[in-house]
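Down below is the structure, laid out as structure tokens.
Residue numbers (the numbering used here): 10 to 160.
What follows is the structure, encoded as structure tokens:
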């Protein structure tokens with residue numbers, strides 16, 4: 010990293026992590042934040058890793074930002090009127106998506122469970138079971154007769 014990068018990291022340190030993370034919590038996107046402070050993604054992540062525990066505090070700020078976007082989606086939906094319902098729907102959908110990306114508790118996508126059954130695997134399991142039964146001599150030998158009950 011060069012002198013310019015060190016200067017930019019020092020500028021972020023001077024602003025302070027508390028102020029930067031507070032902006033994130035209140036709805037400023039990371040892209041806007043790094044653009045405002047004239048740093049790139051690599052420097053941003055280098056700054057996050059520079060102090061111990063900062064990346065975790067960053068994740069917590071993003072988690073809280075998810076609450077901001079979810080609350081804003083609710084507010085937008087409640088304030089919509091007949092003339093702005095389509096715009097409001099787009100804004101709500103965008104805020105819901107962003108909230109779900111930042112905070113997993115807002116991820117409402119339905120997850121499908123895939124179950125694959127292979128008949129070949131079932132046959133192999135049955136053959137292995139039969140082989141283990143025959144190897145252990147657990148089969149009882151006997152004769153069957155067709156006897157009729159006299160009543």
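C-beta: ideal position from N, C-alpha, C; glycine also.
Since the model is a prediction, treat every value here as computed from it, not as a measurement.
Proximity to residue 67 across 118, 86, 54, 76 peaks at 54, based on C-alpha coordinates.
C-alpha of residue 100 to C-alpha of residue 115: approximately 16 angstroms in a straight line. Its Cα nearest to that of residue 77, the residue 108 stands out among 50, 108, 86, 98.
When 154, 132, 70 are compared, the shortest CA-CA separation from residue 110 is found for 70.
The three-state secondary structure of residue 46, taken from DSSP, is coil. Excluding its 5 nearest sequence neighbours in each direction, residue 123 has no C-beta neighbour in its own chain below 7 angstroms. Taking C-beta atoms under 8 angstroms as the contact rule, residue 82 and residue 105 qualify, at a distance of about 5 angstroms. Residue nearest to residue 49 within the set 91, 87, 86, 13 is 13 (criterion: CA-CA distance).
Going by DSSP, residue 84 is part of the alpha helix (DSSP H) stretching over 63-88. Residue 52 and residue 17 do touch by the CB rule: their CB atoms are close to 6 angstroms apart, below 8 angstroms. Between the C-alpha atoms of residue 96 and residue 130 there is a straight-line separation of about 53 angstroms. The beta carbon of residue 63 is closer than 7 angstroms to those of 26, 57 in its chain, skipping five residues each way along the sequence. Within a 10 Å sphere around the beta-carbon of residue 92 sit fewer than 16 other beta-carbons, which makes this residue exposed. In the three-state DSSP reduction, residue 60 falls in the coil class, being neither helix nor strand.
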